[in-house]
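Numbering (this note's numbering), first residue to last: 121 to 659.
Even glycine gets a Cβ: it sits at the ideal position worked out from N, Cα and C.
Below is one structure, written out as structure tokens; the observations come after it.
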């Protein structure tokens, strides 16, 4: 596993951590590609900031209360707690380990550290007069655990009203509930959006939320009395707290709310909440309103990723389009998996998964462009210099162009990934540089230069190979957040561990500083970074 957020790498001990969260995922079934997409994105973002030398905190976890979980457990003839324990320990946690996710914490909403704090938070709001008792009747989607507005529903051919996300009939519920005065926070939320245009990303999502709030907010039902699988309302044990109020509070309870003031102070609020666009309103409307009511700071950004689509439908178990990540990692490998979805889909937009597209990009960009470059350079250093990296003594305009290209690449990748959450743009910038280095080798033709055994010829050959190896040193640093395993293999093959130290300790900002690989470093041709793919039909 990679270094955790507790490894400061020179960051000030009292500096606020760069805090990133995924949604906490429902454990009604095993995780699929959509869940892994968001989690890998968060892992890449936090690894990147960690390699900036910043203190980082990365949180993920599971949402284990609510009617949907209760019904799933009943259908499997087990208790809700037993169902959650089984799924978390046998499916969710093992997958994140398999995908090399370096999360600093994993929160479960059935943990006492969470449930006690949820009750305290809600009790405080009740004592402040922010919560009152009332009644409500309306269409409810168990899959979303949400009352729907009539205008949100779609109509089936037989006239049945359906949830637009799950395509299943809604239930008409009528119950006595407690309500949070959400309607009072509409103006404050609009002020927040206006003062911080980047609070919601992408812009299309921001516009949707702003228009929704401008239409006027209804008070939020924050309790349920028709089932009991949830956190009890502290002043009325006939009710349990609405699962979304319970779930949202994980972002505070996991970092010490009302329990560890020092931890809370150095971590909260989140810098970035990564969410699916279908749960954007909860995070961009309800969550900041709850924090405002409690006098707590709001998050820095709520970034909504798009949906992964299969056959024109959102990938999900309920649509029978869920695909296990292991189905892909067993064929392409974990690092290629981590790379592909962030490379192929612009974060914030919907994107369709295609086995054929994955195969084509793997072969073209990973195997041919990147992997072949690493193999060729190591092989030539071995063939012409016995595996000892030569020094560069005959650099000219061609080498300066590579150095300039690297400087531009580092700045662009750092801005796009570290600041803009444009993972695709950052990855493309790095691979454009890889293409530039490949072009440099093709133009310089070191295999021909090697035939000139004069001192000038040897100096020129040495310079070409040093330039290529030093470029790969930088690429290993820039791709470490995305493909940590292959980056470590490349780092080792360049002999960088001996002279520069561990790859995890290399700052991305310093990747463009030229000349870090020392002459004499031992370059070895290790295993192929991206092996040729076997035809899955032959498996």
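- The three-state secondary structure of residue 321, taken from DSSP, is strand.
- In the structure shown, the three-state DSSP call for residue 283 is coil.
- With respect to residue 509, residue 640 sits close: the two C-beta atoms are nearer than 8 Å.
- Pairing residue 380 with residue 185, the inter-Cα distance amounts to about 24 Å.
- If only uninterrupted alpha helix (DSSP H) runs of at least 4 residues are considered, those enclosed by the stretch 176-212 are 187-195 and 200-207.
- Secondary structure of residue 455 (DSSP, three-state): helix.
- A residue is called buried when at least 16 other Cβ atoms come within 10 angstroms of its Cβ; residue 334 does not meet this threshold and is exposed.
- Beta bridge pairing from DSSP links residue 292 with 259.
- In terms of Cβ geometry, residue 300 and residue 339 form a close pair [threshold 8 Å].
- Residue state for residue 500 is assigned as helix, using DSSP reduced to three classes.
- In the DSSP assignment, residue 228 forms a beta bridge with 182.
- Selection 555, 532 and 355 evaluated against residue 244 yields 355 as nearest (Cα-Cα).
- Taking a 10 Å sphere around the C-beta of residue 252, we find fewer than 16 other C-beta atoms and assign the residue as exposed.
- Taking every protein chain shown into account, the CB of residue 183 has 16 or more other CB atoms within 10 angstroms, so this residue is buried.
- Look at residue 297 here: in three-state DSSP terms it is strand.
- Within the DSSP secondary-structure output, residue 479 pairs in no beta bridge.
- In the three-state reduction of the DSSP assignment, residue 552 falls in the helix class.
- Note on residue 572: under 16 other CB atoms within 10 angstroms of its CB, so exposed under the neighbour-count rule.
- Taking a C-beta distance under 8 Å as the contact criterion, residue 620 and residue 494 do not qualify as a contact pair.
- Boundaries of the alpha helix (DSSP H) around residue 521: 517-533.
- Here residue 173 carries a coil assignment [DSSP, helix/strand/coil].
- The beta carbons of residue 607 and residue 623 sit about 6 Å from each other, so the pair counts as a contact at 8 Å.
- If you ignore the 5 residues before and after residue 203, its C-beta comes within less than 8 Å of the C-beta of 147, 189, 192, 193 and 196, all in its own chain and listed in chain order.
- With a 10 Å radius around the Cβ and a threshold of 16 neighbouring Cβ atoms, residue 499 comes out exposed.
- For residue 144, the uninterrupted beta strand (DSSP E) segment begins and ends at 138-146.
- In this structure, residue 626 places its C-beta atom within 8 Å of the C-beta atom of residue 597.
- A residue is called buried when at least 16 other Cβ atoms come within 10 angstroms of its Cβ; residue 475 does not meet this threshold and is exposed.
- DSSP, reduced to helix, strand and coil, places residue 352 within a strand of the structure shown.
- Straight across, the Cα-Cα distance linking residue 165 with residue 158 is about 11 Å.
- Under the three-state reduction of DSSP, residue 577 is assigned to helix.
- With a threshold of 16 other beta carbon atoms within 10 Å, residue 455 meets it and is buried.
- If you look at residue 425, you'll find it in the beta strand (DSSP E) that goes 422-425.
- Listed in chain order, the non-local C-beta contacts of residue 416 below 6 Å within the same chain number zero, local neighbours out to five positions each way being set aside.
- Residue 652 and residue 473 have their C-alpha atoms some 21 Å from each other.
- In terms of Cβ geometry, residue 350 and residue 361 form a close pair [threshold 8 Å].
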